[in-house]
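Numbering (the numbering used here), first residue to last: 1453 to 1728. A virtual CB, placed ideally from N, CA and C, is assigned to each residue, including glycine. Let me begin by presenting the structure, written as structure tokens, before commenting on it.
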Amino acid sequence: MGLVLALALTTLALCAVPTGATSRPDGTSEAGRGRAAARVSTFHGRGFDTCHTPPLGTMRRWLSSDYRAVGVYFGGRGRACKRQAHLSRDWMRAVRGMGWRVLPLYVGSQSPCVFAKNKKGVRIGRNAWRQGTGEGRDAVRRAKALGMLRGSALYLDMEAYDYRNKKCARTTLAFVRAWDRKVRRLGYVPGFYSGADSGVRHMEAARRAGVPDLPAVMWFARWRTRPHLYREPALRRAWRPARRIHQYAGNVRERHGGRSLMIDRNLVHAPVARIR
């Protein structure tokens, strides 16, 4: 399935490890290494994400841009734009036919110490592991309904939070790991989006501590900088190659082919959705 990281999967004090199979940050499973892995498709180039899935006419017009990947918010209780009038199985097939690659984003429950006021109403509850497992199952169910096949990457959007708060960090990490484990066991690739100096630093610290069930792909937000994939100071040598996305600008308006959108800009070298 790609890169194999030489990590010691040890029991740690950060968070109790439930019994069962463990998985490595690159997506390989200790229990399932003998099974054939689902094929993964990757994309290397420019991408954008926008809160509302654009209509097909706009996607066709935007082929005049340098972008060839689009992030879509396909589910999750924390999703800001819940009404997605254009997002459907037919939309997914149509944009694939145009040559676009899709980066599916799932905005589930948020960290108990999330900074954004509009996310405080959807914070992780008392049983983070159970909640993460349930939301991972929901993410796969919604992905399947949109025609996304096994081997597709699904990106958990965890907005910036105070990862230095130890109690909050334990709860958040348990949720993320449970979500990853369920998504991975169901045949999909668990990705993770967060601020470079927040959730991404947290995941990197957990990786160095030997925590299992971490995301296979890292989508880090660091704005007002030149786009880069492998010079991010919050990350070391893990999550490479073809396992990173850099969101380098946000809330910018662009116009292509006569159609304007408010977008975030991304440099991508990572797995995308496989669409039936």
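Residue i versus residue j: straight-line alpha-carbon distance, rounded
i, j, result
"M1544", "P1507", "11 Å"
"H1504", "W1691", "29 Å"
"R1659", "R1688", "10 Å"
"V1704", "S1516", "18 Å"
"V1641", "Y1607", "8 Å"
"G1551", "K1618", "44 Å"
"R1589", "R1637", "10 Å"
"R1575", "Y1519", "33 Å"
"H1721", "A1532", "26 Å"
Nearest residue (CA-CA) to residue i, options the options
i, options, result
"R1513", "V1547, P1679 and S1493", "V1547"
"A1686", "R1692, R1705, R1589 and A1657", "A1657"
"D1716", "G1577, S1516 and R1674", "R1674"
"T1494", "E1587, P1693 and G1573", "P1693"
"Q1583", "R1594, Q1562 and A1595", "Q1562"
Cβ pair residue i, residue j closer than 8 Å
i, j, result
"A1490", "G1639", "yes"
"P1723", "A1605", "yes"
"L1666", "L1719", "no"
"G1530", "G1509", "no"
"R1728", "L1625", "no"
"L1555", "V1522", "yes"
"Y1558", "G1527", "yes"
"W1671", "G1702", "no"
Residue-level contact to chain D via CB, residue i, 8 Å cutoff
i, result
"A1605", "The structure shown contains no chain D; it holds only a single protein chain."
Contact between the segment 1561–1568 and the segment 1535–1543 (3+ Cβ pairs under 8 Å) | no
Taking one C-beta from the segment 1706–1725 and one from the segment 1625–1632 each time, how about it: are there three or more such pairs within less than 8 Å?
-> no
Could you tell me whether the segment 1634–1653 touches the segment 1609–1621, using the rule of 3 or more Cβ pairs below 8 Å?
-> yes
Length-filtered (4 minimum) alpha helix (DSSP H) runs lying within the segment 1522–1579 | 1541–1550
For the segment 1629–1694, which segments carrying the beta strand (DSSP E) assignment without a break, of at least 3 residues, lie completely within its bounds, in sequence order?
-> 1641–1647 and 1669–1673
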